[in-house]
Structures are given as C-alpha cells and as structure tokens.
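Engineer:
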Amino acid sequence: MSQMNQLLSAFAQGAENTKLQRLVLALDGNGSRELGGYVQSILNSNPHLVEINISSCGLFANHILTRIGQGLSHHPSIQTIVLSSCGIDNTELQRLTSILGSLPGLHDLDLSGNSLTSASLPVLAEILQTCPQLQRLDCSAQIDLFREYHWENELQPLAQAISASTTLQYLCLHTSCLDDAGAMAILDAVAQCPTLVHLDLDFNPLTLVTMRHLTKVLPLLTSLRQLELDGLDIDDVTAAFWCPTEKDQFCAAVQRNAHLQCLSLDNRLFP
C-alpha cells in the first residue's frame, strides 16, 4: 500500500497538470488514512474526471469516504460513482446524499456490497428524486437491505420514486433479502416507470407468490427489455405447486409483452 500511496501522492501533487478522466482503485481492504487525502486532492484538481471507482476500502473506509465526499462536492463533471464494498452504512449514505444531489451529470451509481439496511430505502428514494440524470442504480449484495422493512416509511417511498423516475434505466437489487411483498411493489413501480429497461432481482427469497403476480403485470412492463429472476426460494417440491394452468397463463403473459427481450428464470419453474 505504500507504493499505492506514493503513486497517488504523485498524481495529487501534480494533478493540475493531468487530464485524468477515470480513477479506479481496487484496495482489497488495504486502504489508509493518507489515501483519502490523496483522492480528495485528485478530485479537487482534475476538472476532467468523469468516473471515480473505489472498492474494498477496509479499516479506514469512513475517513476515505469523508474525503471523497468533500472532493465530490466540487466536481460537477462526475458521471459515474462506484463505491463497492466500502462499508457504507445508513449514516454514511445519508451524508453522501446531499453531495450526490449536487452532481448534475451523475448517470451511474454503484453502491453494491455495502452495509445498508431497510432504513436506507427512503434515502435511496431521495437519491432517485434529487439526481435528475441518474440512469443506473446498483444496490445489490446487501443482505439486510429489505430485511424487516416498514412498508409506509421505507419501501413505499422507494417504489414511488421508481414510478416517478423519467431517467432510470437499470436497477439491480439482487441478493438483497427482497421478499414477495417487496418484489410485487417493485414490479408495480417498474410498470409505471417509462424508462426502466433492465431489472435484476436474482437470488432473493422469492416464491411462487411473486411469479403469480408477475403473470398479472408482465403485459404492463412495456419499457422493460431484460428481467432477471433466477435463484429464487423455490425447490422441486414447491415448484410442483405451480400447476400447468398457471404455467400456461405465464407463457401467455410473456407472449402479450412484445417488448421483453431477455427473461432469466429459475430453471426449476420449467423442468
């Protein structure tokens, strides 16, 4: 990591002489306190920077994120932010929200693999509402994101924000403990979102309840081009309760949707 710090220090000290556009750091848990300062200096001094991609900050994640946030607040050119596996919790996300809302060009936000819980759902809704150009949102691999959520105060604001978005094209919620009620709310919201083309709900504890609801809403998902629903909470025994008539109805619903191009389903549904 000392060599990494040396390299970043060189960039930071001469940053005004560079035309750096992308900063990608895979830290593998080896971040340092000094690193945050270097990244902030690079952000402050590089007006051409359009992407910052930081993963696995490690023990100094809070300090690094604070310095990144300070740098981002003066950086309207940023289009892509990836903060994956950086230990971001509900408090850190709340701090970042006002900064993200001040970035008029932000198109892509990846918060995957962090420590968000259901308390962050309304904060994610706020991000959708305050980032006018956001096209891609990845909140995957957060095992507590939808665990024990409160409908009115947590899930409903997110569903409403998805419905109201006129820019969101990609939403990834795989491996986030999304249950049937949550999935149905998300699907209903997507049916009202005119721009969403790719929805990933893979590897959540969803059952036949979600599949039956999907049968109803599939014809309404006119903007959607790709839907992923693999790795559900369905075994060979429960799959047997999806009767042939229901399978036929589902297939008919797929046929009535003339826009869907890719549908990924658990193979136990159609053995």
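With this note's numbering applied, the sequence shown corresponds to residues 64 to 334, in that order. Idealized CB from N, CA, C, for every residue including glycine.
Looking at residue 234: is its Cβ nearer than 8 angstroms to the Cβ of residue 200?
Structural biologist: yes
Engineer: In chain order, which alpha helix (DSSP H) runs of at least 4 residues are fully inside the segment 144-186?
Structural biologist: 153-163
Engineer: Around the Cβ of residue 196, are there at least 16 other Cβ atoms within 10 angstroms (buried) or fewer (exposed)?
Structural biologist: exposed
Engineer: With a cut-off of 8 angstroms, do at least 3 Cβ pairs link the segment 290-300 to the segment 312-321?
Structural biologist: no
Engineer: Who are residue 88's beta bridge partners in DSSP?
Structural biologist: DSSP lists 117 as partners of residue 88.
Engineer: Work out the CA separation of residue 262 and residue 256 for me, nearest whole Å.
Structural biologist: 12 angstroms
Engineer: In whole angstroms, give me the CA-to-CA distance for residue 83 and residue 131.
Structural biologist: 16 angstroms
Engineer: Just verifying my parser: in three-state terms, what is the DSSP assignment at residue 289?
Structural biologist: strand
Engineer: Among the candidates 204, 209 and 312, whose CA atom is the shortest distance from the CA of residue 148?
Structural biologist: 204
Engineer: So, for residue 89: in the same chain, excluding its five sequence neighbours on each side, which residues have a beta-carbon less than 7 angstroms away from its beta-carbon?
Structural biologist: 118 and 119
Engineer: What does the Cβ neighbour count give for residue 124, buried or exposed, with the cut at 16 atoms within 10 Å?
Structural biologist: Classified as buried, residue 124 has 16 or more neighbouring CB atoms from the shown chains inside 10 Å of its CB.
Engineer: Look up residue 263 in the DSSP assignment and give the residues it is bridged to.
Structural biologist: 235 and 291
Engineer: Rounded to a whole number of angstroms, what is the C-alpha to C-alpha distance between residue 258 and residue 284?
Structural biologist: 10 angstroms
Engineer: Between residue 239 and residue 269, how many whole angstroms is the CB-CB distance? I'm expecting something under 8 angstroms.
Structural biologist: Their Cβ separation, rounded to whole angstroms, is 11 angstroms, which puts residue 239 and residue 269 out of contact at 8 angstroms.
Engineer: What is the DSSP secondary structure of residue 108, reduced to helix, strand or coil?
Structural biologist: helix
Engineer: Determine the burial state of residue 64: buried for a count of at least 16 other Cβ atoms within 10 Å of its Cβ, exposed for fewer.
Structural biologist: With a pLDDT of 48 at residue 64, under the threshold of 50, the modelled position of that residue is not reliable, and no figure is offered here.
Engineer: For a cutoff of 8 angstroms on Cβ pairs, would you count residue 286 as touching chain B?
Structural biologist: Of the chains in the structure shown, none is chain B; there is only one protein chain.
Engineer: Decide yes or no for the touch test of the segment 243-256 against the segment 299-312: beta carbon pairs closer than 8 angstroms, at least 3 of them.
Structural biologist: Verdict: no, contact absent.
Engineer: Along the chain, where does the beta strand (DSSP E) that runs through residue 201 open and close?
Structural biologist: 199-201
Engineer: Enumerate in chain order the residues of its own chain whose CB-to-CB distance from residue 312 is below 7 angstroms, with the five nearest sequence positions on each side excluded.
Structural biologist: 278
Engineer: Hey, out of 251, 210, 188 and 253, whose CA is closest to residue 221's CA?
Structural biologist: 188
Engineer: Measuring straight from C-alpha to C-alpha, what distance separates residue 127 and residue 308?
Structural biologist: 55 angstroms
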